[in-house]
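Asker: One structure coming up, written as structure tokens, with questions to follow.
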Amino acid sequence: MYIAENEKQVNTNEIPAENLFATLLAEYEPVVPHKGQFLAGEIVQIEDNMILANVDAKRTAVVPPQDLARLDEADLEALEVGDEVTLYVLHTPIGDEDLLVSLNRGLELRDWENAGDYMADEEVVELEVIGHNKGGLLVAFGHLRGFVPTSHVPSLRRLQNRRELASLKEDMVGEELPLKVIEVDPQRRRLILSATKAQTEVKAQRLLELKLKEHEAIKGTVTNLVKFGAFVDLDGVEGLIHLSELAWTHVRQPADVLAAGDEVEVLIQAVDLEQERISLSRKALLPSPWDSFMARYEIGELIEGTVTNVTDFGAFVSLADGIEGLIHVSEMHGGRDLEPKDLLSRGDQVLVRILRLEPERERIGLSQRQVSQWEETEWIFQQQQEAEAVAA
Numbered sequence: 013m014y015i016a017e018n019e020k021q022v023n024t025n026e027i028p029a030e031n032l033f034a035t036l037l038a039e040y041e042p043v044v045p046h047k048g049q050f051l052a053g054e055i056v057q058i059e060d061n062m063i064l065a066n067v068d069a070k071r072t073a074v075v076p077p078q079d080l081a082r083l084d085e086a087d088l089e090a091l092e093v094g095d096e097v098t099l100y101v102l103h104t105p106i107g108d109e110d111l112l113v114s115l116n117r118g119l120e121l122r123d124w125e126n127a128g129d130y131m132a133d134e135e136v137v138e139l140e141v142i143g144h145n146k147g148g149l150l151v152a153f154g155h156l157r158g159f160v161p162t163s164h165v166p167s168l169r170r171l172q173n174r175r176e177l178a179s180l181k182e183d184m185v186g187e188e189l190p191l192k193v194i195e196v197d198p199q200r201r202r203l204i205l206s207a208t209k210a211q212t213e214v215k216a217q218r219l220l221e222l223k224l225k226e227h228e229a230i231k232g233t234v235t236n237l238v239k240f241g242a243f244v245d246l247d248g249v250e251g252l253i254h255l256s257e258l259a260w261t262h263v264r265q266p267a268d269v270l271a272a273g274d275e276v277e278v279l280i281q282a283v284d285l286e287q288e289r290i291s292l293s294r295k296a297l298l299p300s301p302w303d304s305f306m307a308r309y310e311i312g313e314l315i316e317g318t319v320t321n322v323t324d325f326g327a328f329v330s331l332a333d334g335i336e337g338l339i340h341v342s343e344m345h346g347g348r349d350l351e352p353k354d355l356l357s358r359g360d361q362v363l364v365r366i367l368r369l370e371p372e373r374e375r376i377g378l379s380q381r382q383v384s385q386w387e388e389t390e391w392i393f394q395q396q397q398e399a400e401a402v403a404a
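In this note's numbering, the protein residues as written are 13 to 404.
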């Protein structure tokens, strides 16, 4: 004989007679859900202050007002009669007591499972920073609150000053951070994430994207100025504009051209995936002064300029269109016996002859020695006349 109940069949022929009554009673008696248990349910009624769900436990589960209050408006609006939901038993019912359940904890369970999947797959997830404490940042992971330790946030771990650290944390509230889940412990309600681990993967992906854009123009933001150039943020990775690539003219220090926070358009010269380096050029996108200079001047012509720097081997002179040339010490007045610093100083006005033009190497060779005394005298006389005209 077979007895069917709740889609189960019991073969009574296989059960000893002394155990038959107990077996049948167990089949007919509903299992009482216990506190802490998760149940699968179906929403059967939605009211303003409660939700009723069928959990197949011979009674209707009730989601009380205090649990509904913990759900955000979007979750509540999305619920419909007939929805399959996961519910958490808040209290083991005795007798005819209501079966009180938490829909919020059921949604949290789904988020814990999702967090575990993210950790297992080592997948990057972008989460909003919703707050901070002494130890780090707080982020929203669905209905859970995740924690990102300060040591796992690159922009924070470098700061030693407590006030600066707290200020930067506050500034980060509302930002979206790429993160990796590194610990999931539902029992202890611990969800730990790392921006550092995510950054490694995000950076590698971004470098690959920029590698495909070599020799293309891109916009970025100046993040830091150093002696040898300027670092530029390119949406998650930094590239370097070397001092020599800031402008066509000689740049003594990056601060003469750029400032932290400036938006700048640059050319991606090269991306080294192995070294994780990006070489940029601002100069390449600016009009080349060499084109106009080469159209106006030839080797052998006289040109005047201003000394910008004096070295052991000669003096650099700023010419027309901002181009610089070099007077080698052997081409200075006074010959090799004297040091360049004894012959010229920064700011001196000089008349020189063009010896070499090398636009492909951005070099111009200049000479004072090959300027005749008569040419020098006439030039000085013209300068005096111009000075007198200005003074008048």
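The C-beta atom is built at its ideal place from N, Cα and C for all residues, glycine as well.
When the Cβ atoms of the segment 291 to 311 are set against those of the segment 344 to 358, are three or more pairs found closer than 8 Å?
Answerer: no
Asker: On a CA-only basis, which of M306, V362, E109, D333 is nearest E372? Give me that one, please.
Answerer: Within the sequence shown, numbered from 1, the residue matching residue 372 stands at position 360. The shortest C-alpha separation from E372 is found at M306.
Asker: What first and last residue would you give for the alpha helix (DSSP H) that runs through Q57?
Answerer: What you label residue 57 is simply residue 45 of the sequence shown in a count that begins at 1. Unbroken run through Q57 is the beta strand (DSSP E), 50 to 58; no alpha helix (DSSP H).
Asker: From L121 to A152, what does the alpha carbon distance come to, in whole angstroms?
Answerer: As a working note, residue 121 is residue 109 in the sequence shown. As a working note, residue 152 is residue 140 in the sequence shown. The straight-line gap from Cα to Cα measures roughly 15 Å.
Asker: Ignoring anything shorter than 3 residues, give me the beta strand (DSSP E) runs that lie fully in the segment 194 to 236, in order along the chain.
Answerer: Listed in chain order, they are 202 to 206.
Asker: Would G94 and I55 qualify as a contact pair, given that the criterion is a beta-carbon distance under 8 Å?
Answerer: Position 82 of the sequence shown, counted from the first residue, corresponds to residue 94. Position 43 of the sequence shown, counted from the first residue, corresponds to residue 55. Contact flag set, yes.
Asker: Are V322 and S357 close, meaning C-beta to C-beta below 8 Å?
Answerer: In the sequence shown, the residue the question calls residue 322 occupies position 310. In the sequence shown, the residue the question calls residue 357 occupies position 345. Closer than 8 Å, so yes.
Asker: Report all residues from its chain with a CB closer than 6 Å to the CB of E213; omit the five preceding and five following residues, and keep chain order.
Answerer: Translated into the one-based positions of the sequence shown, residue 213 becomes position 201. Around E213: V136.
Asker: Between the Cα of G251 and those of A267, E316, L285, spot the shortest distance and give me the residue it belongs to.
Answerer: As a position in the sequence shown, residue 251 is number 239, starting the count at 1. The option with the nearest alpha carbon to G251 is L285.
Asker: Sorted by chain position, which residues of the same chain lie with C-beta nearer than 7 Å to I58's C-beta, five sequence neighbours on each side aside?
Answerer: Position 46 of the sequence shown, counted from the first residue, corresponds to residue 58. Closer than 7 Å at the Cβ level, and outside the excluded window around I58, lie L91, V93.
Asker: Taking the C-alpha atoms as reference points, what is the distance between L168 and E226?
Answerer: The sequence position of residue 168 within the sequence shown is 156, counting from 1. The sequence position of residue 226 within the sequence shown is 214, counting from 1. Taking the straight line from one Cα to the other gives about 31 Å.
Asker: Evaluate P266 with the Cβ neighbour count: other Cβ atoms within 10 Å of its Cβ, from every protein chain shown; 16 or more gives buried, anything less gives exposed.
Answerer: Counted from its first residue, the sequence shown places residue 266 at position 254. P266 is buried by the Cβ-count criterion.
Asker: For V101, which option in G107, L112, D108 has the closest C-alpha, if you only look at C-alpha atoms?
Answerer: Numbered from 1 along the sequence shown, position 89 holds the residue referred to as residue 101. Nearest option by C-alpha distance: L112.
Asker: Provide the residue span of the alpha helix (DSSP H) that contains A65, from first to last.
Answerer: As a position in the sequence shown, residue 65 is number 53, starting the count at 1. Note, A65: premise wrong, no alpha helix (DSSP H); beta strand (DSSP E) at 63 to 66.
Asker: Cutting at 6 Å between CB atoms, please list the residues of its own chain near L119, excluding the five before and the five after it.
Answerer: As a working mapping, residue 119 is identified with position 107 in the sequence shown. Once the five neighbours on either side are set aside, the close Cβ partners of L119 are H155.
Asker: Of all the beta strand (DSSP E) runs that stay within the bounds of the segment 278 to 355, which reach a length of 3 or more residues?
Answerer: 289 to 293, 314 to 323, 326 to 330, 336 to 340
Asker: Going by C-alpha to C-alpha distance, which of I204, H164, K295, H144 sits closest to S179?
Answerer: Locating residue 179 in the sequence shown gives position 167, counting from the first residue. Among I204, H164, K295, H144, the Cα nearest to that of S179 belongs to H144.
Asker: Please work out which residues of its chain come closer than 6 Å, Cβ to Cβ, to L36, disregarding the five sequence neighbours upstream and downstream, and give them in chain order.
Answerer: Here the question's residue 36 lines up with position 24 in the sequence shown. Annotation note: pLDDT 46 at L36 (below 50); position unreliable, coordinate value reported separately. Excluding positions up to five away in sequence, the list is empty.
Asker: Can you name, in chain order, every residue of its own chain whose Cβ lies under 7 Å from the Cβ of K209, other than the five neighbours on each side?
Answerer: Along the sequence shown, one-based indexing puts residue 209 at 197. Around K209: K192, I194.
Asker: From what residue to what residue does the alpha helix (DSSP H) around E372 run?
Answerer: Position 360 of the sequence shown, counted from the first residue, corresponds to residue 372. Run containing E372: none; DSSP gives neither H nor E here.
Asker: Start and end of the beta strand (DSSP E) containing E140?
Answerer: Position 128 of the sequence shown holds residue 140. Counting along the chain, E140 sits inside the beta strand (DSSP E) bounded by residues 136 to 145.
Asker: In whole angstroms, what is the alpha-carbon distance linking F7 and L297?
Answerer: The shown model of the chain, from 13 to 404, leaves out residue 7, and the question about it has no answer.
Asker: Tell me whether A229 is buried or exposed, calling it buried when 16 or more other Cβ atoms sit within 10 Å of its Cβ.
Answerer: Within the sequence shown, the letter at position 217 stands for residue 229. Exposed is the call here.
Asker: Give me, in chain order, the residues of the same chain whose beta-carbon lies closer than 7 Å to that of N66; leave out the 5 immediate sequence neighbours on both sides.
Answerer: Position 54 of the sequence shown, counted from the first residue, corresponds to residue 66. Counting only Cβ-Cβ distances below 7 Å, and skipping sequence neighbours, we find G53, E54, V56, T72.
Asker: What are the complete alpha helix (DSSP H) segments, minimum 4 residues, inside the segment 147 to 189?
Answerer: 166 to 169, 174 to 184
Asker: In or out: L88 buried (at least 16 other Cβ within 10 Å) or exposed?
Answerer: Counting from one through the sequence shown, the residue named residue 88 turns up at place 76. When all chains shown are included, L88 counts as exposed.
Asker: Put Q385 into one of helix, strand or coil per three-state DSSP.
Answerer: The residue you call residue 385 lines up with position 373 of the sequence shown. DSSP places Q385 in helix when its eight states are reduced to three.
Asker: Any idea what DSSP makes of I106, helix, strand or coil?
Answerer: The residue given as residue 106 occupies position 94 in the sequence shown. Looking at I106 - three-state DSSP - the assignment turns out to be coil, as it is neither helix nor strand.
Asker: Around the Cβ of V362, are there at least 16 other Cβ atoms within 10 angstroms (buried) or fewer (exposed)?
Answerer: Here the question's residue 362 lines up with position 350 in the sequence shown. Burial state of V362 is buried, judged by a 10 Å Cβ sphere holding 16 or more other Cβ atoms.
Asker: Rounded to whole angstroms, what's the CA-CA distance from Y40 to D68? Just pull it up for me.
Answerer: For this step, residue 40 is matched to residue 28 along the sequence shown. For this step, residue 68 is matched to residue 56 along the sequence shown. Unreliable placement is indicated for Y40, whose pLDDT of 48 sits below 50; no coordinate value is reported for it.
Asker: Between the alpha carbons of E310 and G317, how many angstroms are there, rounded?
Answerer: Position 298 of the sequence shown, counted from the first residue, corresponds to residue 310. Position 305 of the sequence shown, counted from the first residue, corresponds to residue 317. Using only the alpha carbons, I get a separation of about 16 Å.
Asker: Tell me the residue span of the beta strand (DSSP E) that contains A267.
Answerer: For the purposes of this step, residue 267 is taken as the residue at position 255 of the sequence shown. Unbroken run through A267: none, as it is neither H nor E.
Asker: Taking Cβ positions, are R365 and L314 nearer each other than 8 Å?
Answerer: Looking up residue 365 in the sequence shown gives position 353. Looking up residue 314 in the sequence shown gives position 302. Result yes, Cβ atoms of R365 and L314 sit closer than 8 Å.
Asker: What do you reckon, are the CB atoms on E188 and L246 nearer than 8 Å?
Answerer: Within the sequence shown, numbered from 1, the residue matching residue 188 stands at position 176. Within the sequence shown, numbered from 1, the residue matching residue 246 stands at position 234. No, these two residues do not count as a Cβ contact at 8 Å.
Asker: Run through the DSSP bridge pairs and tell me what H254 is partnered with.
Answerer: Position 242 of the sequence shown, counted from the first residue, corresponds to residue 254. H254 is bridged to G241.
Asker: Along the chain, where does the alpha helix (DSSP H) that runs through A73 open and close?
Answerer: In the sequence shown, counting from the first residue as 1, residue 73 sits at position 61. Unbroken run through A73 is the beta strand (DSSP E), 72 to 75; no alpha helix (DSSP H).
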